[in-house]
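Under my numbering, the sequence shown has 780 at position 40, and the numbering climbs by one with no breaks. Ideal placement from N, C-alpha and C gives every residue a C-beta, glycine not left out.
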Amino acid sequence: MIRILSSKPEEEIGAVDFGGSVSTNAVSLAEKMGARNILLVGQDLSFPNKLAHCKGAVLEERFNHIESRKLRREYHNHKQMTALPVKKAASIQGGEVRTNEKLLIFKKWFEEHPKKNLWFNFGKDGVVLNGIPNSDFLKYIQENECDLRFVESIRSQILFISEKGLESDFQSNFLKEKTTLEKDEENFSSYKSSLSQASVSKTNSFSKNEDDLAQNFSRFMLKKKILSELNVLSDQLKVFIEKVTQGRILSDRLYLQVKEENRFKDQILKNLKEMDRIDEEVSSRKGLTEILGLSIQRTVLMITEGYEGGLTLEEKKNERLGIAKKSFLLYQGLEEACKLHSKLILKTIQRMKLS
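Have a look at this one:
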């Protein structure tokens, strides 16, 4: 969708400040939408009570479904807390609380981000966010009544802008089509006559049906354009997936060769050169940065939720073997992400054709 929306260079789609997490993106989006105040909830940015996830959180509750004899939530919690070097930060409750460098990056972003409006931190536990007062959620709600009229006005503005954009496209495309029809007098007369027959008043019906036809035609053209873009993206993904699969297969082969390094020294050097070529081609493939971006997010999740857990003791001791394993895991994750998005795009194409 970003690719399609960006296809009109004269229209700026805007950007949201990237702070590294969903919460920082949400803050930036709230500011751009004209939020009166910024209210932080659940941003402890640490491990209060030695828990990776607070009780009731989605990531904590999912263990009600996936927990088994070999995968205990206590083990997962331990991996979460030891995946990165431990850091200490000032706690809201006093003293210090356990955190890590990744969470401290988000803490710094919140503290240093320019604040156009008032910010409040409703966290009852976790790190102290300097420059952001800690407040009680219930007390704030009682003292600051929600202005529903303001919310409705923002919604109306968004609706007006979106409808205005669509109307502009409709009119533009219809005028182009009408100009083409007018060049052929016979076809235009037939076109005008068919509109007039639909109503008692020929003049009024032509005007009304002309507007309806303009909207229907423009919707059709917009749908056609989106389908065309999606088909192109689908074809590009097919080629891209083949290259990523090559990277995954070669990474797996390199892993086995590094494991038996004495037997495959010559082949390792040859395959490393081929691996460099694939790496460069994958990273420089234009038009698919969105897919890469989503895959990077998946990689971050792997790193923070057991990336090292995927390495055996032998792989941890042998640095080269560990690197080969991580390369395999990276390409495997990238391949899965590409296949998922390819599947979703094909489903979208089929639904649009049927609608």
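Secondary structure of residue i, DSSP reduced to three states
i, result
"F872", "Note that residue 872 is Ile in the sequence shown here, rather than Phe. Here I872 sits in coil by DSSP."
"N956", "helix"
"E807", "coil"
"T1088", "helix"
"N1011", "helix"
"L994", "helix"
"N884", "coil"
"E1000", "coil"
"V837", "strand"
"K964", "helix"
"V756", "coil"
"C1078", "helix"
"I898", "helix"
Segment limits, beta strand (DSSP E) that includes residue i
i, result
"K795", "First-last for K795: undefined, no H or E at that position."
"N861", "858-861"
"E779", "Glu is not the amino acid found at residue 779; the sequence shown has Leu there. Run containing L779: 777-780, per the beta strand (DSSP E) assignment."
"K827", "826-830"
Endpoints, alpha helix (DSSP H) assigned at residue i
i, result
"R765", "Per the sequence presented here, residue 765 reads as Asn, with Arg not at that position. Unbroken alpha helix (DSSP H) run through N765: 762-772."
"R813", "813-822"
"L701", "Any answer about residue 701 is impossible in this case: the structure gives the chain only from 741 up to 1095."
"L1053", "1053-1057"
Nearest neighbour of residue i, chosen from the options [CA to CA]
i, options, result
"F846", "G760, K963, N861", "G760"
"L1070", "G987, I901, S974, N804", "G987"
"G1073", "Q897, T985, S831", "T985"
"E801", "N817, R809, K810", "N817"
"E852", "S768, N884, F890", "S768"
"M821", "S1023, F1068, A792", "A792"
"T1088", "K1056, S991, K963, I989", "K963"
"L1009", "N956, K1056, K848, S991", "S991"
"F862", "F900, Y815, R889, I778", "I778"
"E1014", "L1053, N1002, R1003, R993", "R993"
"G796", "S808, R809, I806, G782", "G782"
"N870", "D876, E807, A830, S974", "A830"
"R1060", "I1018, L1086, E1020, L1012", "L1012"
"N971", "N804, D757, S808, L1084", "L1084"
"N1058", "R1017, V756, E1001, D975", "E1001"
"L844", "L1086, T764, D1016", "T764"
"Q976", "V1022, F960, L899", "V1022"
"K848", "I872, G834, P825", "I872"
"R813", "V826, A823, L799, P825", "L799"
Checklist entry - When the Cβ atoms of the segment 779-794 are set against those of the segment 823-840, are three or more pairs found closer than 8 Å? => result yes
Checklist entry - Counting Cβ pairs, one atom from each stretch, are 3 or more of them under 8 Å apart for the segment 1079-1095 and the segment 976-983? => result yes
Checklist entry - Can we say the segment 861-879 touches the segment 762-777, given the rule of at least three CB pairs closer than 8 Å? => result no
Next on the checklist: Does the segment 994-1005 come into contact with the segment 1064-1075, if we say contact requires no fewer than three beta-carbon pairs (one atom in each stretch) closer than 8 Å?
Outcome noted: yes
Checklist entry - Any contact of the segment 849-860 with the segment 885-905, i.e. 3+ C-beta pairs under 8 Å? => result no
Checklist entry - On the three-pair Cβ rule with 8 Å, is the segment 1088-1095 touching the segment 957-976? => result yes
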